[in-house]
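With the first letter of the sequence shown counted as 1, position 27 gets the number 62 in this note's numbering; the numbers rise by one all the way through. Below you'll find the structure, written out as structure tokens, and then a few comments.
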Amino acid sequence: MDGAKLFGQGGGGSAEMWSASATIEQGALVISPLDKEVYRRVAATGTSSTDPADDLTNYVAASYTRTTAAPIGYTMPQAYPDQVRGITKTAQTNIAQATRTQVLSVTGRGQLLHAGAFRSANSGETAGLRSEIWTDGRKLIEWESTAAGPHYVTVMGSSFKVGDDVIAAPGASIVFRRSLVIWITPTYRAWTGSTEYVGYSLRTEA
36 MDGAKLFGQG
46 GGGSAEMWSA
56 SATIEQGALV
66 ISPLDKEVYR
76 RVAATGTSST
86 DPADDLTNYV
96 AASYTRTTAA
106 PIGYTMPQAY
116 PDQVRGITKT
126 AQTNIAQATR
136 TQVLSVTGRG
146 QLLHAGAFRS
156 ANSGETAGLR
166 SEIWTDGRKL
176 IEWESTAAGP
186 HYVTVMGSSF
196 KVGDDVIAAP
206 GASIVFRRSL
216 VIWITPTYRA
226 WTGSTEYVGY
236 SLRTEA
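What follows is the structure, encoded as structure tokens:
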């Protein structure tokens, strides 16, 4: 946590545990019972029924960077990679076309650095994927990618081709304080669990 913000340098006083029944002054610091992080009230002095960790209207995060939206990956689908390096691969079973499925769930604190997916379509065959990234109960990214043939698509972060391999590189991290969830929905064709996977890289925190 940022000590200067925690102890109210620049105004706001020291942080106290937030309560729905407590009247919080504008500019005051509070501690969220949900994630134990510090938040500053930006709305007028008053009460609120939503914990500051989930209240994007009345509070801003003071002890960490709270991400509320994020850009998708900037790279085009990487075609015909032999290997994708720098990721952890999820293990999935077969998923029917147009079936929304949760493929990764992490509870705790950390940062997501990269997310992508490999589709093993036949040469010339179109395969698509709708990907969703949720942190702390909020959807940050929803994006549908489409390409023909086997390819790796970057949803968050970046990737580049080196020889016959793809190197997955981190992007600006997405911080989560309670949970991280990734959903996928295969489009154009079903998901083959034995050959297709979601790739990710994350840092966990105590």
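Even glycine gets a Cβ: it sits at the ideal position worked out from N, Cα and C. All values derive from a computational prediction rather than experimental measurement.
**Spatial neighbours of Pro-205 in its chain, beta-carbon cut-off 7 Å, leaving aside the 5 residues before and after** = Scanning its chain for C-beta atoms nearer than 7 Å, with the 5 sequence neighbours on each side dropped, one finds around Pro-205 the residues Leu-148, His-149, Gly-192, Ser-236, in chain order.
**Request:** Keeping to the same chain, check which residues put their C-beta closer than 8 Å to that of Ala-114; ignore five residues upstream and five downstream.
**Result:** So the list reads Ala-182, Gly-184, Pro-185, His-186, once near-sequence residues are dropped.
**Request:** With DSSP as the reference, label Ala-133 as helix, strand or coil.
**Result:** DSSP, read as helix, strand or coil, puts Ala-133 in coil.
**Item:** Given Ala-50 as reference, the closest of Ser-56, Asp-86, Ser-158, Ile-66 once Cα atoms are compared
**Value:** Closest in alpha carbon position to Ala-50, among Ser-56, Asp-86, Ser-158, Ile-66, is Ile-66.
**Asked** Buried or exposed: Gly-81, going by 16 or more other Cβ atoms within 10 Å of its Cβ?
**Response** When all chains shown are included, Gly-81 counts as exposed.
**Asked** What is the residue span of the beta strand (DSSP E) that Ser-214 lies within?
**Response** Segment 214-222, the beta strand (DSSP E) holding Ser-214.
**Prompt:** When DSSP builds the beta bridges, which residues end up paired with Ala-203?
**Reply:** Residue pairing by DSSP places Ala-203 opposite Ser-194 in a beta bridge.
**Item:** For Ile-122, the three-state DSSP class (helix, strand or coil)
**Value:** Here DSSP, grouped into helix, strand and coil, assigns Ile-122 to coil.
**Message:** Could you compute how far the alpha carbon of Thr-125 sits from the alpha carbon of Gly-62?
**Reply:** The alpha-carbon of Thr-125 is positioned some 43 Å away from that of Gly-62.
**Item:** Span separating the alpha-carbon of Ala-97 from that of Ile-219
**Value:** Roughly 32 Å between the two C-alpha positions.
**Request:** Count the other CB atoms, across all protein chains shown, that sit within 10 Å of the CB of Gln-146; report buried if there are 16 or more and exposed otherwise.
**Result:** Its Cβ being crowded by 16 or more others within 10 Å, Gln-146 is buried.
**Item:** Segments of 4+ residues assigned as alpha helix (DSSP H) that fall wholly inside the segment 155-187
**Value:** Given a length threshold of 4 residues, the segment 155-187 has no whole run of the alpha helix (DSSP H) inside it.
**Asked** Hey, Leu-164 and Pro-221: beta-carbon distance below 8 Å or not?
**Response** Yes.
**Request:** Counting only the same chain and skipping the five closest in sequence on each side, list residues whose C-beta sits under 7 Å from that of Asn-93.
**Result:** Cβ neighbours of Asn-93 beyond the five flanking positions: Arg-76, Val-77, Ala-78, Ser-83.
**Prompt:** How many angstroms separate the CA atom of Tyr-74 from the CA atom of Gly-108?
**Reply:** Going from the Cα of Tyr-74 to the Cα of Gly-108 covers about 29 Å.
**Contact belief for Val-119 with Val-201 at Cβ below 8 Å, rounded distance in angstroms** = Right, the Cβ-Cβ distance comes to about 5 Å (below 8 Å), so this counts as a contact.
**Asked** Who are the near neighbours of Trp-53 in its chain, counting only those whose CB is closer than 8 Å to its CB and skipping five residues on each side?
**Response** Around Trp-53: Ile-59, Val-65, Ile-66, Ser-67, Pro-68, Tyr-74, Asp-86, Pro-87.
**Asked** In angstroms, rounded to a whole number, what distance separates the CA positions of Arg-101 and Ala-162?
**Response** The straight-line gap from Cα to Cα measures roughly 34 Å.
**Request:** Please state if the CB of Phe-153 and the CB of Glu-231 are separated by a distance shorter than 8 Å.
**Result:** Yes. Within cutoff.
**Item:** Where Glu-240 falls: helix, strand or coil (DSSP)
**Value:** Strand.
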